[in-house]
Structures are given as C-alpha cells and as structure tokens.
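Below: the structure, in structure tokens.
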Amino acid sequence: MPNPIATPPADEHTLLERAQALAGYTLAELAARANLPLPANLKCDKGWIGVLLERFLGASAGSKPEQDFPDIGVELKTIPIDDRGRPLETTFVSVAPLTGNSGVTWESSHVRHKLARVLWIPVEGLREIPLGERHIGTPLIWSPSPEEEELLRRDWEELMDLIVLGKVESITARHGEVLQLRPKGANSKALTQAIGEFGQPIMTLPRGFYLKKTFTGPLLARHFHL
DNA sequence: ATTTGATCATCT
DNA sequence: AGATGATCAAAT
C-alpha cells in the first residue's frame with residue numbers, strides 16, 4: 028500500500044514507479060491513507076482526484092502556473108475512463124491568453140509546453156460507480172508524436188488567430204479538430220479582458236484549451252492495445 | 001482576478 | 001448518448 032510522498036521525484040523513472048504503485052487501488056483506499064475525507068461525489072469537488080494523486084506522486088502542491096513536476100518537465104493529468112478504457116471527459120490543458128499575444132508562436136505556447144511530456148493516469152469515472160470504489164488504472168508517460176503535434180499546432184494557430192483578431196466571442200467548442208476552446212471560469216459572471224472585434228478592450232469569459240476525446244481516446248487505446 | 005485541479009448538467 | 005457551455009473549490 029503506497030503512502031503520500033512530499034518529495035518531488037528525482038527523475039521520470041521514479042515518477043512512473045510511484046504512479047505504477049497506485050494502479051489497482053481504489054480512491055477510498057488512497058483517501059484513507061492520505062487522511063483526506065472522501066467526498067460523496069465530485070459535484071462540489073471536481074478536482075479532488077487530481078489533488079489526491081498529487082500527494083502520492085510528490086507534485087508541488089498548490090496552484091502554481093507551471094508544470095506539476097517542473098524539475099523533470101512532466102505534467103500530470105488524471106483522465107476519467109469508462110469500462111472499456113475510453114475517456115469520459117475532455118482534458119483541460121491551460122488557460123488561453125486573450126491579450127498580449129502579439130508575436131506568440133506555437134513553439135513558445137503554454138499548450139505545447141504543458142503537453143511536451145504528460146503522465147496520464149486513467150481513473151474509473153462512470154458515475155454509477157461510487158467515488159470510493161473507483162480504481163486507479165495503469166499510468167502512461169507520453170509525448171506527442173510528430174503527427175499529433177502537427178494536429179495540435181494547427182488547431183492552436185487557428186484559435187489564436189481568432190483571439191488576436193478580436194473574434195474570441197465567435198469561437199465555439201466546435202472549432203478545432205483535437206484542441207477546442209471553451210469557458211474556464213468560476214461561472215458565467217466571471218470576466219476577463221480580451222480584444223473586441225474592432226480591436227478595443229472587451230470583457231469576456233475566461234477560456235481554456237481542452238483536448239477532445241477524439242485525441243485522448245486513441246492515445247490511450249494505442250498504448251493499452253484496446 | 002487568475003491558475004491550479006477538473007466534472008457537471010443542459011441541450012441538441 | 002454525447003458534446004457544449006457552465007460550474008465548483010483551493011491556492012495565490
């Protein structure tokens with residue numbers, strides 16, 4: 028039975044071993060070991076699983092704007108899956124910058140940086156399974172293939188072009204093949220500054236980049252030969 | 001207000 | 001049923 032670890036992993040292999048040691052355990056078992064109360068459901072605690080697993084992997088706690096494991100350049104993503112290993116939700120990547128984007132490129136983007144190296148941890152997510160009975164799956168260390176990065180780059184450039192051109196409010200989640208832009212805020216009243224259609228400052232919903240399931244599904248399937 | 005962790009729940 | 005737009009909590 029693994030224990031929470033406060034120390035960041037010295038290298039990627041150590042991180043992967045820590046993650047592999049969690050596979051097969053239920054959320055109730057890990058919550059008890061971490062002395063974290065198990066919520067009845069995730070309705071009012073949507074990021075609970077991510078925070079729980081961070082404690083066992085030695086991620087720098089808190090909400091700092093950087094990778095989970097900056098020393099080794101790895102980002103942690105838990106991903107809810109159904110009984111056939113397919114993703115149940117899109118995957119949040121990062122907040123979209125709506126101003127100050129003159130000269131930003133894919134190469135220097137937060138999206139590319141965050142997705143450069145990802146530790147994926149699948150977790151049973153079907154709502155009919157009580158939260159405490161859901162099992163941790165086998166982890167996967169991943170970097171985008173050249174083909175995957177090209178897909179991501181094209182979507183990112185399309186979406187950023189619209190943002191820079193003041194068309195952020197015309198963007199819907201249907202834009203993009205594998206990467207989409209959707210609201211990412213406390214609620215529909217939280218606003219942030221952006222560029223309007225005439226180049227003027229406007230207030231609009233904060234947005235985030237999300238990976239579509241059509242991207243993460245095959246990514247997991249390929250690894251687990253589903 | 002913003003970024004972290006994401007999933008909820010309504011609509012199509 | 002699945003996806004889109006909306007939402008929740010903690011840390012900073």
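Take 28 as the starting number for the first sequence in the numbering used here and just add one per residue. Heads up, the beta-carbon is just placed ideally off N, CA and C, and yes, glycines get one too. Note that this is a predicted model, so its numbers are computed, not measured.
Considering only the alpha carbon of each residue, which of the options lies closest to residue i?
i	options	result
residue 117	104, 57, 48 and 169	104
residue 50	129, 33, 64 and 84	84
residue 212	197, 238, 205 and 234	234
residue 101	220, 209, 192 and 46	46
residue 219	195, 204 and 112	195
residue 57	67, 28, 136 and 120	28
residue 121	107, 205, 140 and 34	140
Where do the N-terminal and C-terminal ends of the beta strand (DSSP E) with residue i fall, by residue?
i	result
residue 120	118-122
residue 32	Residue 32 -> no beta strand (DSSP E), and no H or E assigned at all.
residue 220	219-222
residue 236	234-238
Run through DSSP, which three-state label would residue i get?
i	result
residue 78	helix
residue 115	coil
residue 150	strand
residue 201	coil
residue 162	strand
residue 103	strand
residue 66	coil
residue 231	strand
residue 241	helix
Which two residues bound the contiguous alpha helix (DSSP H) that contains residue i?
i	result
residue 96	It is not in any alpha helix (DSSP H) - residue 96 carries neither H nor E in the DSSP assignment.
DSSP has residue i in a bridge; who is on the other side?
i	result
residue 133	Bridge partners of residue 133: none, in fact.
residue 209	235
residue 53	162
Are at least three pairs of beta-carbons, each pair with one atom in the segment 155-162 and one in the segment 61-76, less than 8 angstroms apart? yes
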